[in-house]
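Novice:
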Amino acid sequence: MGKKRKEQVLSVVTNVFIWVCAVICAYPIYWLVTTAFKTRVDAFAVPPKWIFTPTLENIKLILGAESFMRSYLNSALISFSTVFLALFLGIPMAYALARFPIPKKKGIMMWLLSTKMAPPILVAIPYYMIYKNLHLQDTHFGLIIVYLMFNLAFTVWMTKGFVEGVPIELEEAARIDGATRLKAFFKVDVPVMKGGIAATGILCFITVWNEFLMALILSGYRTKTAPISITGFISFEGIRWGEIAAAGMMVALPVIIMGVLVRDHLVSGLTMGAVK
Amino acid sequence: MDRKKKFIKFVTLESPDSWKLLYYPGRIILLLITIIPTVYALYLSLHYYNLGKLRDKKFIFLQNYIELFQDERFWNSLKVTLCFALISLAAELILGMLIALGLSKKIKLKGVAQTAILLPMIITPVVVALFWKMFYDPQFGNLSYFLSLLNLPVPDMLSYRNTALPAMIIVDIWEWTPYVALILLSGLQALPQEPYEAARVDGASRWQTFRYITFPLMRSAVNIAVIFRFMDLFKWMDTVYVMTGGGPGVSTETLSYYAYMNNFKFLDVGYASALCIVMLLIVMVICNTFGKKILLREPEGE
Chain C
1 MGKKRKEQVL
11 SVVTNVFIWV
21 CAVICAYPIY
31 WLVTTAFKTR
41 VDAFAVPPKW
51 IFTPTLENIK
61 LILGAESFMR
71 SYLNSALISF
81 STVFLALFLG
91 IPMAYALARF
101 PIPKKKGIMM
111 WLLSTKMAPP
121 ILVAIPYYMI
131 YKNLHLQDTH
141 FGLIIVYLMF
151 NLAFTVWMTK
161 GFVEGVPIEL
171 EEAARIDGAT
181 RLKAFFKVDV
191 PVMKGGIAAT
201 GILCFITVWN
211 EFLMALILSG
221 YRTKTAPISI
231 TGFISFEGIR
241 WGEIAAAGMM
251 VALPVIIMGV
261 LVRDHLVSGL
271 TMGAVK
Chain U
277 MDRKKKFIKF
287 VTLESPDSWK
297 LLYYPGRIIL
307 LLITIIPTVY
317 ALYLSLHYYN
327 LGKLRDKKFI
337 FLQNYIELFQ
347 DERFWNSLKV
357 TLCFALISLA
367 AELILGMLIA
377 LGLSKKIKLK
387 GVAQTAILLP
397 MIITPVVVAL
407 FWKMFYDPQF
417 GNLSYFLSLL
427 NLPVPDMLSY
437 RNTALPAMII
447 VDIWEWTPYV
457 ALILLSGLQA
467 LPQEPYEAAR
477 VDGASRWQTF
487 RYITFPLMRS
497 AVNIAVIFRF
507 MDLFKWMDTV
517 YVMTGGGPGV
527 STETLSYYAY
537 MNNFKFLDVG
547 YASALCIVML
557 LIVMVICNTF
567 GKKILLREPE
577 GE
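For the protein sequence lines, the chains are C and U, in the order given.
Counting from 1, one number per residue, gives the positions in the first sequence under the numbering used here.
Counting from 277, one number per residue, gives the positions in the second sequence under the numbering used here.
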């Protein structure tokens, strides 16, 4: 009898613990969303106003702030371009590494990984100097190149795992039916890997969208990305929490949606496929 | 005609050499965009190169490195980085393990809880840093309000040398414990069932089961969490930039931030590059000793 009681207590404790953690993790989102809809007075109220009349003032201000909206578009443009290029170059590389006998494969995989491990500041400084000389500072192209460097290796690591997951017999069957290997790749491998490719693309997107240091150093007035643009809100606008919260909410929204969509691939992606 | 056939074979991936077509475009681009900056950083690190005094640019061989090792501020930033990394890592592992164990049990509305728990690691880090900056605000922040409910004093965490780093560590723990927890959880879910049945038959206690079965079996998941977290913690800088700017004083100045300062505030490109190269060497040593073994372990059945 005592044992059963103990089980029950433990179960309650576990439930409470996990739910406390969940609330702590979600609290900032709650705070950002509510603060974004508060008037200036309500945002600074102590004790915090849990119940308040929502206002659209902050959202309107942010949507009307031309420089913020431009940075938002910059972020979207740079993120999508990087994802496209990383997949375009990375999937063939992954396929080659998974299906062809390439010499020194392990060395290549390790080298790819090291490009992710390098401290970004190490890359940022020489790029800053090179771009200064080549007049690539403050261009979308310049930022895309740098982000490609961080994401191409990741794409190869991830998609190599997905290619390996497609049974080679399927491919061979298609080839016996007369398809070339190239055709077999599109007809057999791609449909099987679709979900994995989408998840890889989304994870790349999240990394690029969230990136701060490179954008801080290499972007300028024209190419400022959204994360850089929000830090600007602090200095120009003093401490208007409502606007910062509204902007923060808008910046975080796409990645939250995408992150929840690829929930199951998230851990595997963030460890370069080391955890399945 | 024969050449044309060969070419068609090559582009349709039928030839044994076709991998070159798939592999080299990406490889060459990646090589260019990684090797060039690294070599250039090495080159810069061997020069006196100050953007404010361009005329004095000259080759000084290892002078920058010698100066670096005599620079107290460098040692301070190394200490801050390691202190930050090790404390955060330890806390994230312990908390992460608890959360992973919890999530492996029956939880009410588990899907919802688990989704909430993964939010911190996907939210844009700058937004996270801004939130915490406002949360810590001594006048209007939520923290001071929550503490006042408990009749505790209201601290101004970010303004004092002794509390600024702990405040940043708390942010990191909040942001990255879920990541560690999810890695450990997938490790837990991959555990074989037999040892547990054996332990139950032998009448092992809950703690014994954890200590002698779960923990050793989890070693590889723990290793992966440690290596990936350490790499990120080591290059940590975004939060510093947004929340403290390395201050007060140099109490939260990490290696990355000190390199950033050298390059963009003191304009000493050579010196900043030397610091970066030293960071790279540290990362490479760690990656080669631990990372290689852990990450290249081929999955079963290959």
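Backbone N, C-alpha and C fix where the C-beta goes; we use that ideal spot for every residue, glycine too.
Since we're looking at a predicted model, the values are computed, not measured.
Need the endpoints of the alpha helix (DSSP H) that His265(C) sits in, please.
Specialist: Arg263 to Leu270
Novice: Output the boundary residues of the alpha helix (DSSP H) element that contains Ile399(U).
Specialist: It is not in any alpha helix (DSSP H) - Ile399(U) carries neither H nor E in the DSSP assignment.
Novice: Hey, Val403(U) and Gly248(C): beta-carbon distance below 8 Å or not?
Specialist: Yes; because the gap between Cβ atoms is below 8 Å, this pair is in contact.
Novice: Can you check whether the CB of Arg181(C) is closer than 8 Å to the CB of Glu290(U)?
Specialist: yes
Novice: CA-CA distance, Ile91(C) and Ser11(C)?
Specialist: One C-alpha to the other measures close to 45 Å.
Novice: Quick one: list the residues of chain U neighbouring Phe44(C), beta-carbon separation under 9 Å, in chain order.
Specialist: Gln415 and Phe416
Novice: Compute the Euclidean distance between the alpha carbons of Trp31(C) and Val477(U), then round it to the nearest angstrom.
Specialist: Their Cα atoms are separated by approximately 49 Å.
Novice: Using three-state DSSP, classify Asn427(U) as helix, strand or coil.
Specialist: Correct three-state label for Asn427(U): coil.
Novice: Would you check if the distance between the CB atom of Ile309(U) and the CB atom of Ile145(C) is smaller than 8 Å?
Specialist: It is a contact, given that the beta carbons lie within the stated cut-off.
Novice: In the DSSP output, which residue or residues are listed as bridge partners for Asp413(U)?
Specialist: Partner residues in a beta bridge of Asp413(U), as assigned by DSSP, do not exist.
Novice: Ordered along the chain, which non-local residues of its own chain (more than five positions away) have a Cβ less than 8 Å from that of Met513(U)?
Specialist: If you ignore the 5 residues before and after Met513(U), its C-beta comes within less than 8 Å of the C-beta of Thr530, Ser532, Tyr533 and Tyr536, all in its own chain and listed in chain order.
Novice: Say whether the segment 342-361 of chain U touches the segment 172-192 of chain C, bearing in mind that this needs 3 or more beta-carbon pairs closer than 8 Å, one atom from each stretch.
Specialist: no
Novice: At a Cβ threshold of 8 Å, is Tyr95(C) touching chain U?
Specialist: yes
Novice: Check the C-beta distance from Val251(C) over to Thr400(U) and give it rounded, since I have them as a contact under 8 Å.
Specialist: Your pair Val251(C) and Thr400(U) checks out as a contact, with CB atoms roughly 5 Å apart and the cut at 8 Å.
Novice: Given Glu237(C), which residues of its chain have a CB within under 8 Å of its CB, disregarding the five upstream and five downstream residues?
Specialist: Note that Glu237(C) scores a pLDDT of 49, beneath 50, so its modelled location is shaky; the value from the coordinates is reported in the next line. Excluding sequence neighbours, Glu237(C) sits near Glu243 and Ile244.
Novice: Report the three-state DSSP secondary structure of Glu574(U) (helix, strand or coil).
Specialist: With a pLDDT of only 46 at Glu574(U), under 50, the local geometry of the prediction cannot be trusted, and the value read off the model is given with reservation. In this structure, Glu574(U) counts as coil in the three-state DSSP scheme.
Novice: Would you report the Cα separation of Ser75(C) and Thr200(C), rounded to the nearest angstrom?
Specialist: 18 Å
Novice: Between Met93(C), Pro54(C) and Leu77(C), which lies nearest to Trp157(C) when the distance is taken from Cα to Cα?
Specialist: Ranked by Cα distance from Trp157(C), the options Met93(C), Pro54(C) and Leu77(C) are led by Met93(C).
Novice: I'd like the ranges of any alpha helix (DSSP H) spanning at least 4 consecutive residues and lying wholly in the segment 16-64 of chain C.
Specialist: Taking only runs of at least 4 residues, the alpha helix (DSSP H) segments lying wholly in the segment 16-64 of chain C are 40-43 and 57-64.
Novice: Going by DSSP in three states, Tyr147(C) sits in which element: helix, strand or coil?
Specialist: Tyr147(C) falls in the helix class under three-state DSSP.
Novice: Look up Tyr316(U) in the DSSP assignment and say whether it is helix, strand or coil.
Specialist: Helix, per DSSP.
Novice: Give me the Cα-Cα distance between Ile312(U) and Leu556(U), rounded to the nearest whole angstrom.
Specialist: 15 Å
Novice: I want to see whether chain U comes within less than 8 Å of Cys25(C), judged by CB atoms only; does it?
Specialist: yes
Novice: Could you confirm whether any beta carbon from chain C is found closer than 8 Å to the beta carbon of Lys382(U)?
Specialist: Taking a beta-carbon distance threshold of 8 Å, Lys382(U) counts as an interface residue toward chain C.
Novice: Going along chain C, which residues have a C-beta under 8 Å from Gly302(U)?
Specialist: Leu89, Gly90, Pro92, Met93, Leu152 and Val156
Novice: For Leu52(C), which option in Ala153(C), Ile59(C) and Thr35(C) has the closest C-alpha, if you only look at C-alpha atoms?
Specialist: According to the sequence as given, residue 52(C) is Phe; it is not Leu. Nearest C-alpha to Phe52(C): Thr35(C).
Novice: Are Ile125(C) and Val545(U) closer than 8 Å when you measure CB to CB?
Specialist: yes
Novice: If we define contact as Cβ-Cβ less than 8 Å, is Leu266(C) a contact residue for chain U?
Specialist: yes
Novice: Starting from the C-beta of Tyr455(U), find all residues in its chain whose C-beta is less than 6 Å away, skip the five residues before and the five after it, and write them out in chain order.
Specialist: Met397
Novice: Do Ser114(C) and Cys563(U) have their C-beta atoms within less than 8 Å of each other?
Specialist: yes
Novice: So what's Lys333(U) in DSSP terms, helix, strand or just coil?
Specialist: coil
Novice: DSSP three-state call for Gly2(C): helix, strand or coil?
Specialist: helix
Novice: Is Tyr324(U) helix, strand or coil by DSSP?
Specialist: strand
Novice: Helix, strand or coil, according to DSSP, for Asp544(U) in the structure here?
Specialist: strand
Novice: Considering Asn133(C), what are the terminal residues of the alpha helix (DSSP H) in which it resides?
Specialist: Asn133(C) -> alpha helix (DSSP H) spans Pro120 to Leu134.
Novice: Is Arg303(U) buried or exposed, if buried means 16 or more other CB atoms sit within 10 Å of its CB?
Specialist: buried
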